[in-house]
Amino acid sequence: MFDFVGLHEQAKEKLQALHPAFLRLRDQGIQKQMLIGDRDSQTVVTYPPSHKQHAVVETDVYSNPLHLRKRNTLYLHVPFCDKICQYCAYQRTAKGPEDPRIDHYVDLVQKETQLLASANHKEKIQVESIYIGGGTPTILSEQNLEKLLQMLDKHFELVAGGEFSLEGSPATITEGKVRQAMQYGVNRISIGVEAFDDHMLKVMGREVDNRERVFAALAAIRSAGISNIDIDLIRGFTGFYRNQIVRQTPQDVVTDLLGIQELEIPSVTSYQHIVKPKSLGYKKRQKFNFIPEEKLLLHMMFNMGMEQMGYQQHPIDFHHKTQEHVYKHQVYKWGDMTNQIALGPSAYGYLNDTQFTNHFGADYEAAIQQGKLPVASQLKLSKEEVMRRKFVFGMKTGVSRAEFEQHYGINPLETSARDTLHTLEEAGGLEITPSHIRLTEVGRLFADWIQMCFYSDAHQRTPQDTPPPLSN
Ligand code: SF4
Numbered sequence: 249m250f251d252f253v254g255l256h257e258q259a260k261e262k263l264q265a266l267h268p269a270f271l272r273l274r275d276q277g278i279q280k281q282m283l284i285g286d287r288d289s290q291t292v293v294t295y296p297p298s299h300k301q302h303a304v305v306e307t308d309v310y311s312n313p314l315h316l317r318k319r320n321t322l323y324l325h326v327p328f329c330d331k332i333c334q335y336c337a338y339q340r341t342a343k344g345p346e347d348p349r350i351d352h353y354v355d356l357v358q359k360e361t362q363l364l365a366s367a368n369h370k371e372k373i374q375v376e377s378i379y380i381g382g383g384t385p386t387i388l389s390e391q392n393l394e395k396l397l398q399m400l401d402k403h404f405e406l407v408a409g410g411e412f413s414l415e416g417s418p419a420t421i422t423e424g425k426v427r428q429a430m431q432y433g434v435n436r437i438s439i440g441v442e443a444f445d446d447h448m449l450k451v452m453g454r455e456v457d458n459r460e461r462v463f464a465a466l467a468a469i470r471s472a473g474i475s476n477i478d479i480d481l482i483r484g485f486t487g488f489y490r491n492q493i494v495r496q497t498p499q500d501v502v503t504d505l506l507g508i509q510e511l512e513i514p515s516v517t518s519y520q521h522i523v524k525p526k527s528l529g530y531k532k533r534q535k536f537n538f539i540p541e542e543k544l545l546l547h548m549m550f551n552m553g554m555e556q557m558g559y560q561q562h563p564i565d566f567h568h569k570t571q572e573h574v575y576k577h578q579v580y581k582w583g584d585m586t587n588q589i590a591l592g593p594s595a596y597g598y599l600n601d602t603q604f605t606n607h608f609g610a611d612y613e614a615a616i617q618q619g620k621l622p623v624a625s626q627l628k629l630s631k632e633e634v635m636r637r638k639f640v641f642g643m644k645t646g647v648s649r650a651e652f653e654q655h656y657g658i659n660p661l662e663t664s665a666r667d668t669l670h671t672l673e674e675a676g677g678l679e680i681t682p683s684h685i686r687l688t689e690v691g692r693l694f695a696d697w698i699q700m701c702f703y704s705d706a707h708q709r710t711p712q713d714t715p716p717p718l719s720n
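Here is the structure:
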């Protein structure tokens, strides 16, 4: 289906046609150079930024059971992997499946869940979606996976039609683990594929023989009976291999698109590679000599290729073939602003207008051994900040104007974000229709930076590193 030269040329033409919009966005401080990453580059997953939260000795976020009788999602963090990938900034550690720390972690997270459940909750807590992520949850042995699944089953009830995802790597997913997880309601599997090209995977620091491993993992998942399968891919990767800089190329994008087509993947999450401060590649980033135009071309090729194969993008960066494969957990969190229950070290949550983050490492263990929920920091948001949070995350899903007004009692165009909305609309980054506010095609390429435009003065980003000079 794919004609490499054709897609490459089409994407170049599209970018040329969008050039005036890039210029208008640049006038608003949103520049192509941002795509190369800087000191504050983060995928926007919390608002306010988590470092603005206050340290707490003991949390009150779960203390009122009424707050949990609303729409809940649940995230459980499993911080173990086989190896550490060059680009990764998540909280994780690697020693393989036999690492004795995994048994200890499972004990701790069981105690944490018990603490949460016993904080005034007699009944199971209803949740609309559960995501077991990491890390690589499928690194767990069947015994440990069973313990975690039993623990969730004991304290939480997935509502009818709810989504229950388990994340894993092609090398650690087995049919036995999938069947086991299905007994507890898991109905969606997310696989960290990242790239289909083996050399690129080597550079990333991941397993190779990916195509074969992904084939085997998909066969195991499908044979067990799960059809809602997602894969993660990285767009615009740049890294080091034996002191050489390696960049993803247009041909690599085509390889990924062909992999998606060949394996008939119904749902694809495509992350933009940003060199994050906690990743192994961060120290060398100034040598990467990034070229923003190249990254843009890769993004555009990927998006156009996915569209040509019949995928829709919703939320931004999440591509699905049919409504059945929409990633609901993220739509609930970002679009509907549901509660987020957080379990496991470094997991972050949101409840009763309060955003919070768990401890990790020794502090996580110490809190639980003292019988305390392991929340390290939290921040209660004012109504004004709650509305800003809605705009920040609504940029990824689109904001329904009627729902906003019904929920917050004010027309979104009359809030303190009105100037930002109109400025971004004039710049071509978002469109305001009678029913919705959503990013445009150009805006989607800069989604994280447009999201940051909605931060209040109190939570603006700190000054950036100077981006490295352009090489062309
Ligand atoms: S990217 Fe995924 S698999 Fe790689 S180290 Fe990070 S959490 Fe582990």
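Note that this note's numbering has the sequence shown beginning at 249, numbered continuously upward.
Idealized CB from N, CA, C, for every residue including glycine.
Given the structure is predicted, the values throughout are model-derived calculations rather than measurements.
Thr645 and Pro514 - do their beta-carbons sit closer together than 8 Å?
Counted from its first residue, the sequence shown places residue 514 at position 266. Counted from its first residue, the sequence shown places residue 645 at position 397. No. Outside cutoff.
Requested in this report: Kindly indicate which residue of Ala590, Val516, His707 has the alpha-carbon position closest to the one of Thr570.
Outcome: Looking up residue 570 in the sequence shown gives position 322. The candidate whose alpha carbon is nearest that of Thr570 is Val516.
Gly619 and Pro593 closer than 8 Å at C-beta: Working through the sequence shown from its first residue, we reach residue 619 at position 371. Working through the sequence shown from its first residue, we reach residue 593 at position 345. No.
Going by Cα to Cα distance, which pick from Tyr612, Met700, Phe702 is closest to Val354? Sequence index remark: in the sequence shown, residue 354 carries index 106 (1-based). Checking every option, the nearest Cα to that of Val354 belongs to Tyr612.
- Item | Length at least 4, wholly inside the stretch 264 to 330: the alpha helix (DSSP H) runs in chain order | 267 to 275
May I ask whether a heavy atom of the ligand SF4 can be found less than 7 Å away from the beta carbon of Thr384? Mapped onto the sequence shown, residue 384 falls at position 136. Yes.
Note to self: Taking a contact to mean a Cβ-Cβ separation below 8 Å, would you say Asn320 touches Asn606 in this structure?
What the structure shows: Here residue 320 is taken as the residue at index 72 of the sequence shown, counted from 1. Here residue 606 is taken as the residue at index 358 of the sequence shown, counted from 1. For Asn320 and Asn606, no; Cβs fall outside 8 Å.
Presumed contact (8 Å Cβ cut-off) between Tyr295 and Arg637, rounded CB distance
Position 47 of the sequence shown, counted from the start, is the residue given in the question as residue 295. Position 389 of the sequence shown, counted from the start, is the residue given in the question as residue 637. About 5 Å; that satisfies the 8 Å criterion.
message = Check for me: the alpha helix (DSSP H) holding Leu629 runs from which residue to which?
response = The residue you call residue 629 lines up with position 381 of the sequence shown. No alpha helix (DSSP H) contains Leu629, which DSSP labels as neither H nor E.
Compare the beta carbon distance of Tyr580 and Ser377 with 8 Å and say whether it is the shorter of the two.
The residue labelled residue 580 in the question sits at position 332 within the sequence shown. The residue labelled residue 377 in the question sits at position 129 within the sequence shown. In this structure, the beta-carbon distance from Tyr580 to Ser377 falls below 8 Å.
Pick out whichever of Glu653, Phe652, Cys701, His655 has its Cα sitting closest to the Cα of Glu673.
Taking the sequence shown and counting its residues from 1, one reaches residue 673 at position 425. Among Glu653, Phe652, Cys701, His655, the Cα nearest to that of Glu673 is on Cys701.
- Do His403 and Ala595 have their CB atoms nearer than 8 Å? Within the sequence shown, residue 403 is the residue found at index 155, counting from 1. Within the sequence shown, residue 595 is the residue found at index 347, counting from 1. With a cutoff of 8 Å on beta-carbon distance, His403 and Ala595 are scored as not near each other.
**Prompt:** How should Gly409 be labelled, buried or exposed, when 16 other C-beta atoms within 10 angstroms of its C-beta is the threshold for buried?
**Reply:** Against the sequence shown, residue 409 aligns to sequence position 161. Flag for Gly409 reads exposed.
(Q) Once the 5 residues before and after Asn720 are set aside, which same chain residues still bring their CB inside 8 Å of it? (A) Start at 1 with the first residue of the sequence shown, and residue 720 comes out as number 472. In this predicted model, Asn720 has a pLDDT of only 25, less than 50, meaning its place in the structure is not dependable enough to derive any value.
Requested in this report: Note the first and the last residue of the continuous alpha helix (DSSP H) segment covering His568.
Outcome: Counted from its first residue, the sequence shown places residue 568 at position 320. Per DSSP, His568 is not a residue of any alpha helix (DSSP H); the beta strand (DSSP E) it occupies stretches across 566 to 568.
Worksheet item: How big is the Cα-Cα spacing for Ile482 and Phe641?
Response: Translated into the one-based positions of the sequence shown, residue 482 becomes position 234. Translated into the one-based positions of the sequence shown, residue 641 becomes position 393. Going by the C-alpha atoms only, they are around 21 Å apart.
Q) Buried or exposed: where does Thr291 fall if 16 or more other Cβ atoms within 10 Å of its Cβ makes it buried? A) One-based indexing of the sequence shown puts residue 291 at position 43. Per the 10 Å Cβ criterion, exposed.
- request: Whole angstroms is fine: what's the gap from Thr361's alpha carbon to Gln492's?
  value: The count along the sequence shown starts at 1 and reaches residue 361 at position 113. The count along the sequence shown starts at 1 and reaches residue 492 at position 244. Approximately 46 Å, taken between the alpha carbons.
- Query: Is the beta carbon of Lys450 less than 8 Å from the beta carbon of Val441?
  - Reply: For the purposes of this step, residue 450 is identified with residue 202 of the sequence shown, where counting begins at 1. For the purposes of this step, residue 441 is identified with residue 193 of the sequence shown, where counting begins at 1. Against a cut-off of 8 Å, the Cβ pair of Val441 and Lys450 comes out as no contact.
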